[in-house]
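Numbering (the numbering used here), first residue to last: -14 to 100.
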Amino acid sequence: MPEYLKDISVVNHNQEALELEIRSDKSAWHIYFNVLEDMSDFLSRLQLECTRAIGDVQSRATELRNEAEGAGDESSNMELCGNCGVPRFIHDGTLEKCPNCGDDEWDLALRSEYP
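Right, dumping it as structure tokens:
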């Protein structure tokens, strides 16, 4: 499972239906399956839904990167978190903690720019 997805779990099930939950750091997707369907259809749909959830997470990460890169003058005072890719600011040479994961380590490429 990709590192940005935290968990895939069965939320509810009975003889006819199965409900799964796919979780990331900030989102959750609920997927319902009719278990009476052909098993290959079930597995294909599960793969499709997981791929869709992964695509949502990747799209949001790309949006955040683009926002950080397009922030004009502010972008020179910003870096993307090395853990999760969320933008965080540099104030007076001090890097703020990541608002998403709490990481406070400098990107090695920026260490030479900011003592």
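C-beta: ideal position from N, C-alpha, C; glycine also.
8 Å Cβ cutoff, residue i in contact with chain D
i, result
"Leu33", "Considering every chain present, this structure includes no chain D. It has just one protein chain."
Range of the contiguous beta strand (DSSP E) that encloses residue i
i, result
"Ser9", "Ala2 to Ser9"
"Asn19", "Ala13 to Asn19"
"Glu64", "Met63 to Leu65"
Helix, strand or coil at residue i [DSSP, three-state]
i, result
"Ser97", "The predicted model places Ser97 with a pLDDT of 44, which falls under 50 and marks its position as unreliable; any figure quoted below should be read in that light. Coil, per DSSP."
"Asp89", "coil"
"Cys69", "coil"
Alpha-carbon to alpha-carbon, residue j and residue i
i, j, result
"Leu31", "Asn62", "42 Å"
"Val42", "Ser9", "8 Å"
"Tyr17", "Glu52", "34 Å"
"Lys11", "Asn19", "27 Å"
"Asp89", "Cys83", "6 Å"
"Leu33", "Thr79", "43 Å"
"Glu64", "Thr47", "14 Å"
"Asn68", "Cys86", "8 Å"
"Leu3", "Gly40", "23 Å"
"Glu26", "Leu5", "For the sequence presented, residue 26 should be read as Asp rather than Glu. For Asp26 and Leu5, the distance between alpha carbons rounds to 16 Å."
"Leu28", "Arg37", "14 Å"
"Glu1", "Leu21", "6 Å"
Residue(s) in a DSSP beta bridge with residue i
i, result
"Asn(-3)", "Glu4"
"Asp(-8)", "Arg8"
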